[in-house]
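Trainee: Protein chains in written order, with my numbering: chain A, -8 to 359; chain B, 40 to 322; chain C, 1214 to 1366. Got a structure here, written out as structure tokens. Questions coming.
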Amino acid sequence: MDGVLVSRSGLDDLISDLTQRGYEVLGPTRVDGAIVYDRIGSTADLPVGWGDEQGPGGYRLVDRGDEGLFGYTVGPMSWKRFLFPPRQDLFTVSRSNGTLTFNQAEITAPERAFFGVRACELAAIGIQDRVFLESGFVDPGYAERRRSALVVVVECGTAGGTCFCASMGTGPGCSGGFDLAITELPGDPIDYLVRSGSPAGAALLEGLGGRPAGDADFERARRVVEQAAASMGRSLEVEGIRDLLVDGPEHPRWSEVAERCLACGNCTLACPTCFCSTTVDRVSLDGDAVRSRRWDSCFGLDFSGLHGHSVRATVKSRYRQWMTHKLATWHDQFGSSGCVGCGRCITWCPVGIDITQEVRAIREEAVR
Amino acid sequence: MTQTIAPEQSWAPMLPHPYRVVGTVVETQDTVTLLFESLSDHQLRFRPGQFTMLYVYGVGEVPISIAGNPHLGGQLVHTVRAVGAVTRAICGLRPGDVVGIRGPFGTGWPIDQVAGRDLLIVAGGIGLAPLRPAVIEALTQRESIRQLSLLYGARTPNDLLYKDDLIGWKASPSIDFEVTVDRAHSDWWGDVGLVTNLLPRVRFQPDRTTAFVCGPEVMMRVVARALRTAGVHEDRVFVSLERNMKCGIGMCGHCQYGSDLLCRTGPVAPYSAVADRLKVDEL
Amino acid sequence: MNPEDTLRSSPLVRGLNADSIAFLESVAAVAEFGAGQLLFEEDSAAESFYLVGEGRVGLEALVPAGPAVLVETIGPGALVGVSWLFPPFRWSWAARALAPTKALVFPGEAVRRRCDADADLALHVYRTVAEEAVRRLHSTRIRLLDLYGDRRP
């Protein structure tokens, strides 16, 4: 794999190059006390010197005051919304000439560069690829937006407070599936190893200055990633998890977690792989009707509405559905786990429910 | 990205086609059968057991089983019970009204697997609607089936669907037809009691029987167990399941039933595959 | 209807000893009912029970200010009446022939007294009645769920 070693200005050159090639460059920015993905024009727009402290039900940014560009992990937002928009018109319906006419809405797919995709997020995109591109019906909007997205990965140097990608096999290192990958190498000055993973990435790499990366550089990058993996504070044991959850709908733990869960759905909003949606039909008085697709959550009471009642009326049944789907039946439907270990559901749960702890509790009581 | 992405497709499976109501039959106080014809060149060829997504302008869209004769092209039949906003609107439609139809979706009754076997069809309530095409199909292929039986249970005689069909099936020598209700008045010509009470009344040889069962989940469970007790193998008993659906094409996640998305690997499934799940509440 | 066939094919006598069968045959009589004719009224004394040979019998509940409601139908080979076996020996429901019906009718008290002395007969009678009662209990409980009704049970 080709790589170059650049300084921070090399990354500025990269962002300029992408912008000049017509990409809308999206990257991590600091907004309202959180890391969110938004347009960036240079490395100055990144959360320079900032880090995050995350735990169950808690998130805050910390100003380290150093020059690190990527010394934080993931915030509440994932890249999901750029490939699978929260709201999307599907078609309009007009009533005339004694019939209904259905017109497909336009698909918008601007050329975008995702600058700063973490390994877990790349894995999540791969999981949504299987959902929207490889499961029968191909979502044409997703396909277009995926085609127009250029992926620049950033490998994590420290594990976030709620991360468990190592045990899920999705990070913190990245060996493929990207156009470019950046590893921040601490030091004075800070170096950046930039690797290409595709012809498009190789073309961009050529335009960067810096010097070709050697074995020592790759070794430094490996150690950075190893340290991130070693500092991970959580793990989820995946061995046999599919059968454990599918066979255990009556496990007492479901009732226990239901006493804490608010069914607020934050976890499904923050989760980079959750894909459930609903259709909404709107009519305007003077115009046509529009059908749109909106993100939806299985925690909603009407998600399972059937003949005037909800199949999953209790919070217990809804939490069980979410976790069983994410960790178990997802395997049956899409051939992999639905979880990438990003920790968002733990951080953004108002009552701090920890999916790794729930799994541990279910395992322990099953063994007894 | 060099990632291989499937060739571009359109949202076609999500786009309804216009269909006009050409006739309605009031079946019961809350159930209507509607006949539709296509207003475009879209023709619906379906297998018994499949469903469409039916869209009412400005109200919404719901999954509805197809209830008509699979060999009669040009006319689409749906039997709808008013249980919510959209179904109430559908039951209020009149000839000339236009709706949107997409489909057909889902798995159908495995009627291609019953040649040389006894076919026992058991319907509860509006569960007769998705089974009606299977009954019609079975009568069309009658010579290839050994014994053909239909058992139908409803709440009261006023809740019986397809009253003209029932009279025809009762009189036909090609099908053994028994009907029961939960309660009735003394002018009722059939049975009163659970539909499983009718099992001893019809001829079928358990080890060469295939059963199609459709109705409320509790009813399907009870019937499947009675069939198991009678010696019919669980692999040869087929049920039809139902969950909330929004897209019908496996994308929205609403119709999940354990590992299955019912719009894809359902609604018809062998009882052996779902027996465990039918025991779990709120799945 | 052949009275002997009707009795001997009933679960009541399957495996029963010859003497007890002979007793049942000796006390049985044939009863015929036209369509619409009552076998017995609700709350009347439960003095006999029936084994349907041909036709159909319905159990009815009297409903104030309205026509009677059929709660069960009983066809050939099945027993009509369980209340004859237990105090207070009164019918909970009315029974009416829904079609021309022929049945075997048995004197309740005589069979009860014979059961006190004849353990084999007692076992068969109580077992047949119990099995039928359990089957009807399940059927009734499921109908109680009102599965075809508007709201979820």
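Glycine included, C-beta positions come from ideal geometry on N, C-alpha and C.
Output, in sequence order along the chain, the residues in the segment 290 to 312 of chain A whose CB is closer than 7 Å to any CB in chain B.
Mentor: Flagged, chain order: F294, S295, G296, L297, H298, G299, V302, R303, A304, T305, S308.
Trainee: Hey, which unbroken runs of the beta strand (DSSP E) at 3 residues or more fall wholly within the segment 1270 to 1327 of chain C?
Mentor: Whole beta strand (DSSP E) segments, 3+ residues: 1270 to 1274, 1282 to 1287, 1307 to 1310, 1314 to 1320.
Trainee: Just reading off the beta strand (DSSP E) that H331(B) is part of, what are its end residues?
Mentor: The requested residue 331(B) is not part of the displayed model; chain B covers only 40 to 322.
Trainee: From the DSSP output, in three-state form, read off H56(B) for me.
Mentor: To locate residue 56(B), count along the second sequence from 1; it is residue 17. Of the three classes helix, strand and coil, the one that applies to H56(B) here is strand, per DSSP.
Trainee: Ignoring anything shorter than 3 residues or poking outside the segment 99 to 139 of chain A, list the beta strand (DSSP E) runs there in chain order.
Mentor: Whole beta strand (DSSP E) segments, 3+ residues: 103 to 108.
Trainee: Once you ignore the five residues that flank Q42(B) on each side, which residues in its own chain have a CB closer than 8 Å to its CB?
Mentor: For the purposes of this step, residue 42(B) is taken as the residue at position 3 of the second sequence. Only weak support exists for where Q42(B) lies, its pLDDT of 35 falling under 50; the coordinates are left without a value.
Trainee: What's the call for Y50(A), buried or exposed, on a 16-neighbour Cβ count within 10 Å?
Mentor: Position 59 of the first sequence, counting from 1, holds the residue named residue 50(A). Its Cβ being crowded by 16 or more others within 10 Å, Y50(A) is buried.
Trainee: Quick one, which of W208(B), S225(B), H224(B), P212(B) has its alpha-carbon nearest V218(B)'s?
Mentor: Indexing the second sequence from 1 puts residue 218(B) at position 179. When each option's Cα is compared against that of V218(B), the closest is W208(B).
Trainee: I'd like to know whether the C-beta atoms of G192(B) and L237(B) end up nearer to each other than 9 Å.
Mentor: Locating residue 192(B) in the second sequence gives position 153, where the first residue counts as 1. Locating residue 237(B) in the second sequence gives position 198, where the first residue counts as 1. It is a contact, given that the beta carbons lie within the stated cut-off.
Trainee: Could you please give the first and the last residue of the uninterrupted alpha helix (DSSP H) stretch that includes G1(A)?
Mentor: Within the first sequence, residue 1(A) is the residue found at index 10, counting from 1. It spans -1 to 11 - the alpha helix (DSSP H) in which G1(A) sits, taken as one unbroken run.
Trainee: Check the Cβ-Cβ distances between I353(A) and every residue of chain B, and say whether any is below 9 Å.
Mentor: Residue numbering aside, residue 353(A) sits at position 362 when the first sequence is read from its first letter. For I353(A), the answer is no, since every Cβ of chain B falls outside 9 Å of its Cβ.
Trainee: From the beta carbon of R86(A), is the nearest beta carbon of chain B less than 9 Å away?
Mentor: Position 95 of the first sequence, counted from the start, is the residue given in the question as residue 86(A). Yes, R86(A) counts as interfacial toward chain B.
Trainee: From the DSSP output, in three-state form, read off V261(B) for me.
Mentor: For the purposes of this step, residue 261(B) is taken as residue 222 along the second sequence, with counting starting at 1. V261(B) falls in the helix class under three-state DSSP.
Trainee: Consider the Cβ of M258(B): report whether some Cβ of chain A lies at a distance smaller than 9 Å.
Mentor: As a working mapping, residue 258(B) is identified with position 219 in the second sequence. Closer than 9 Å: no.
Trainee: Which residues in chain C sit within 9 Å of W227(B), going by Cβ to Cβ distance?
Mentor: To locate residue 227(B), count along the second sequence from 1; it is residue 188. Chain C residues near W227(B): G1271, L1283, T1286, L1311.
Trainee: Where do the ends of the alpha helix (DSSP H) carrying S246(A) lie?
Mentor: Translated into the one-based positions of the first sequence, residue 246(A) becomes position 255. Residues 243 to 249.
Trainee: Got a sec: which bits of the segment 67 to 84 of chain A sit with their beta carbon under 8 Å from any beta carbon on chain B, in order along the chain?
Mentor: For the segment 67 to 84 of chain A, which is checked against every Cβ of chain B, the residues closer than 8 Å are L81, F82, V84.
Trainee: Which chain B residues are close to I1355(C), counting only those with a beta carbon under 8 Å from its beta carbon?
Mentor: Counting from one through the third sequence, the residue named residue 1355(C) turns up at place 142. Here the neighbours are L233, V257, M258, V261.
Trainee: Can you check whether the C-beta of A193(B) is within less than 9 Å of a C-beta belonging to chain C?
Mentor: Residue mapping note: residue 193(B) aligns to position 154 of the second sequence, counting from 1. So, interface residue.
Trainee: Looking at C-alpha atoms only, which residue of F266(A), G239(A), R78(A) is the closest neighbour of V319(B)?
Mentor: Counting from 1 along the second sequence, the entry for residue 319(B) is found at position 280. Of the listed residues, the one whose Cα sits closest to V319(B) is G239(A).
Trainee: For L178(B), which of I105(B), S213(B), Y201(B) has the nearest alpha-carbon?
Mentor: Numbered from its first residue, the second sequence carries residue 178(B) at position 139. Taking only the C-alpha atoms, the option nearest L178(B) is S213(B).
Trainee: Starting from Q180(B), find everything on chain A with Cβ-Cβ shorter than 7 Å and list it in chain order.
Mentor: Here residue 180(B) refers to the residue found at position 141 when the second sequence is read from its first residue. Near Q180(B) there are no residues of chain A at all, since even the closest Cβ is about 30 Å away, more than 7 Å.
Trainee: What does the alpha-carbon distance come out to for the pair V53(A) and G123(B)?
Mentor: In the first sequence, residue 53(A) corresponds to position 62, counting from 1. In the second sequence, residue 123(B) corresponds to position 84, counting from 1. C-alpha separation (whole angstroms): 51 Å.
Trainee: So that I know if they touch, is there some Cβ in chain C lying closer than 9 Å to that of D151(B)?
Mentor: For the purposes of this step, residue 151(B) is identified with residue 112 of the second sequence, where counting begins at 1. Cβ-Cβ to chain C under 9 Å: no for D151(B).
Trainee: What are the uninterrupted segments assigned as alpha helix (DSSP H) that are 4 or more residues long and contained completely in the segment 267 to 322 of chain B, given in chain order?
Mentor: Entirely contained in the segment 267 to 322 of chain B, the alpha helix (DSSP H) runs reaching 4 residues are, in chain order, 301 to 304, 310 to 313.
Trainee: Measure from the C-beta of A223(B) to each C-beta in chain C and report whether the shortest distance is under 9 Å.
Mentor: What you label residue 223(B) is simply residue 184 of the second sequence in a count that begins at 1. Yes - at least one Cβ of chain C is within 9 Å of the one on A223(B).
Trainee: Which word fits I129(B), buried or exposed, when buried means at least 16 other C-beta atoms lie within 10 angstroms of its C-beta?
Mentor: Locating residue 129(B) in the second sequence gives position 90, where the first residue counts as 1. Label assigned to I129(B): buried.
Trainee: Going by alpha carbons, who is nearest to R351(A) out of C336(A), C262(A), D277(A), I232(A)?
Mentor: By 1-based counting over the first sequence, the position of residue 351(A) is 360. The shortest Cα separation from R351(A) among C336(A), C262(A), D277(A), I232(A) belongs to I232(A).
Trainee: If we cut at 9 Å on Cβ distances, does Y1361(C) have a partner in chain B?
Mentor: Looking up residue 1361(C) in the third sequence gives position 148. It does: the Cβ of Y1361(C) has a partner Cβ on chain B nearer than 9 Å.
Trainee: Take the Cβ of K202(B) as the centre, count every other Cβ of all protein chains shown within 10 Å, and call the residue buried at 16 or more, exposed below.
Mentor: Taking the first residue of the second sequence as 1, we reach residue 202(B) at position 163. It counts as exposed.
Trainee: Taking 9 Å as the threshold (C-beta atoms), are C252(A) and V302(A) in contact?
Mentor: Translated into the one-based positions of the first sequence, residue 302(A) becomes position 311. Translated into the one-based positions of the first sequence, residue 252(A) becomes position 261. No, these two residues do not count as a Cβ contact at 9 Å.
Trainee: Using a Cβ distance threshold of 8 Å, determine whether the segment 132 to 147 of chain B contacts the segment 68 to 80 of chain B, with at least three qualifying pairs required.
Mentor: The segment 132 to 147 of chain B vs the segment 68 to 80 of chain B: in contact.
Trainee: Looking at the secondary structure, which residues open and close the alpha helix (DSSP H) in which R133(B) lies?
Mentor: Along the second sequence, one-based indexing puts residue 133(B) at 94. That residue, R133(B), is in no alpha helix (DSSP H); it is neither H nor E in DSSP.
Trainee: From which residue to which residue does the alpha helix (DSSP H) around W313(A) run?
Mentor: Translated into the one-based positions of the first sequence, residue 313(A) becomes position 322. Looking at the DSSP string, the run of the alpha helix (DSSP H) that includes W313(A) is 306 to 315.
Trainee: What number of angstroms, rounded off, separates the C-alpha of N108(B) from the C-alpha of V1226(C)?
Mentor: Numbered from its first residue, the second sequence carries residue 108(B) at position 69. Numbered from its first residue, the third sequence carries residue 1226(C) at position 13. Answer to the nearest angstrom: the Cα atoms are 48 Å apart.
Trainee: Under a Cβ-count criterion, where at least 16 other Cβ atoms within 10 Å of its own Cβ denotes burial, should I1287(C) be classed as buried or exposed?
Mentor: Against the third sequence, residue 1287(C) aligns to sequence position 74. Buried.
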